[in-house]
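Comments concern the structure below.
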Amino acid sequence: MTSERAAHWRDTYTQRGDAEVSWFSIEPTCSIALIDAGGADPGRPAVDVGAGASRLADVLLERGFVDVTVLDVSDDGLAHTRERLGADASRLRCVVSDVLDWVPDHRFGLWHDRAVFHFLTDAADRQRYRDLLDSALTPDALVVVGTFAADGPESCSGLPTARYSPEALAAELGAGPGSGLRVVAQRREEHRTPWGAVQPFTWLALRRE
Ligand SMILES: C[S@@+](CC[C@H](N)C(=O)[O-])C[C@H]1O[C@@H](n2cnc3c(N)ncnc32)[C@H](O)[C@@H]1O
Numbered sequence: 001m002t003s004e005r006a007a008h009w010r011d012t013y014t015q016r017g018d019a020e021v022s023w024f025s026i027e028p029t030c031s032i033a034l035i036d037a038g039g040a041d042p043g044r045p046a047v048d049v050g051a052g053a054s055r056l057a058d059v060l061l062e063r064g065f066v067d068v069t070v071l072d073v074s075d076d077g078l079a080h081t082r083e084r085l086g087a088d089a090s091r092l093r094c095v096v097s098d099v100l101d102w103v104p105d106h107r108f109g110l111w112h113d114r115a116v117f118h119f120l121t122d123a124a125d126r127q128r129y130r131d132l133l134d135s136a137l138t139p140d141a142l143v144v145v146g147t148f149a150a151d152g153p154e155s156c157s158g159l160p161t162a163r164y165s166p167e168a169l170a171a172e173l174g175a176g177p178g179s180g181l182r183v184v185a186q187r188r189e190e191h192r193t194p195w196g197a198v199q200p201f202t203w204l205a206l207r208r209e
């Protein structure tokens, strides 16, 4: 499955420019709003899972985050980021891995995921993701996740997607009384693709406690 995923995303990135994909966003506005709402500490390690060519890494570096990891199953999206950042790219740790196979070598105070969790349509994969969150987060970490909303698209880039209300996403990520994860902020976004289609997103910031 991992090599199929990697091939699928490699093809997607090679068929279109980084600003021509449906999820392109010139500014990671919602990500930053939720990172700010959750009060992420720039002194703690941060990871963007399924980062692709997202500009979030640029913003985190500009904001003084000292330890930024960008992870993706395909190196092709990350290559755009390295090219864009030039010499500053050396300040990033780039990891090419399926997030479900990843064994991080340190823990993170900020975990960010825009439009990756919603591709996990298999319950066992979502459990694996939750297990990874458990092992990869520092005790007071902030988790920021954006997925398609309940009225969002049923597929993206030819792959089926799960769609979430804020409550369903919180439950799926394992938040709740006594669970160790608490929702601290939420948002709805109406993302516009480069060709003007609207894609509703559900965003959550969750604090580990
Ligand atoms: C819809 S794009 C979003 C990219 C980026 N987060 C953004 O907001 O611009 C999904 C990204 O996740 C990556 N991806 C998909 N499934 C993955 C997985 N299981 N593990 C790691 N990366 C994955 C893809 O290669 C792609 O770069």
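Reminder that position 38 of the sequence shown reads as 38 in UniProt numbering, one-by-one numbering, no gaps. Here a beta-carbon is modelled for each residue, glycine too, at the ideal position from N, C-alpha and C. Since we're looking at a predicted model, the values are computed, not measured.
According to DSSP, is Phe117 helix, strand or coil? Start at 1 with the first residue of the sequence shown, and residue 117 comes out as number 117. In this structure, Phe117 counts as helix in the three-state DSSP scheme.
Below 6 Å, is the gap between the Cβ of Ser74 and the nearest heavy atom of ligand 1? On the sequence shown, position 74 is the one that residue 74 refers to. The answer is yes for Ser74.
Run through the region 42 to 106 for me and flag every whole alpha helix (DSSP H) of 4 or more residues, listed as ranges in chain order. Runs of the alpha helix (DSSP H) lying entirely within the region 42 to 106, each at least 4 residues long, are 56 to 62, 75 to 85 in chain order.
Are there any heavy atoms of ligand 1 lying less than 6 Å away from the beta-carbon of Ala7, as far as the coordinates show? Looking up residue 7 in the sequence shown gives position 7. Answer for Ala7: no, Cβ out of range of ligand 1.
Let me know the secondary structure DSSP gives Ser155 once reduced to three states. The sequence position of residue 155 within the sequence shown is 155, counting from 1. It is a strand residue.
Examine ligand 1 and report whether any of its heavy atoms sits within less than 6 Å of the Cβ of Arg114. Your numbering for residue 114 matches position 114 in the sequence shown. Within the cutoff, so yes.
For the region 190 to 202 against the region 15 to 27, do three or more pairs of beta-carbon atoms, one drawn from each stretch, fall closer than 8 Å, so that the two count as touching? yes
Can you tell me where the beta strand (DSSP E) with Ala205 in it begins and where it stops? The residue given as residue 205 occupies position 205 in the sequence shown. Unbroken beta strand (DSSP E) run through Ala205: 198 to 208.
Are the region 162 to 170 and the region 41 to 61 touching, with three or more C-beta to C-beta distances below 8 Å? Contact fails: fewer than three Cβ-Cβ distances are below 8 Å.
Taking its Cβ as the centre, do 16 or more other Cβ atoms sit within 10 Å of Pro28, making it buried, or is it exposed? The count along the sequence shown starts at 1 and reaches residue 28 at position 28. So Pro28 counts as buried.
7 Å Cβ shell around Asp151 - same chain, five flanking residues per side excluded: On the sequence shown, residue 151 is found 151 positions in, with the first residue counted as 1. Counting only Cβ-Cβ distances below 7 Å, and skipping sequence neighbours, we find Pro200.
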